[in-house]
Amino acid sequence: MKERMVLMRQIQDVEFALTELQLYLDTHPFDQKALMDFNCYSQQLLMLKQSYEMAYGPLLSYGFSPSPYPWKWLDSPWPWEEQF
1 MKERMVLMRQ
11 IQDVEFALTE
21 LQLYLDTHPF
31 DQKALMDFNC
41 YSQQLLMLKQ
51 SYEMAYGPLL
61 SYGFSPSPYP
71 WKWLDSPWPW
81 EEQF
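Here full-length UniProt numbering is used: the first residue of the sequence shown is 1, the next is one more, and so on.
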């Protein structure tokens, strides 16, 4: 369970950094370093989410995340129910 919480926290940290960078890039669209950082974090987020979903099941429903057999979406806790 600890690994699951650590991985979820890493996802949240990277999502926070991406949100901040997106807001910055909205007002500084020609900042090449910020754009490079955004793209790097985007790749990191993709890998973290893939790792989480392979180990613990989908983070999103409605076709945004594949599910292994058997159907995992009903397994709890759901990502937003995690307690940190």
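Built from N, CA and C at the ideal position, the CB exists for glycine as well.
Just so we're clear, the structure is a prediction, and the values are computed from it rather than from any experiment.
Cα atoms of M5 and Q12: separation of roughly 10 Å, rounded to the nearest angstrom. Look at the beta carbons and you see the segment 48-64 not touching the segment 21-31: under three pairs across the two are nearer than 8 Å. An exposed status is given to L46, since fewer than 16 other beta-carbon atoms sit within 10 Å of its beta-carbon.
Pairing L18 with F38 gives a Cβ-Cβ distance under 8 Å.
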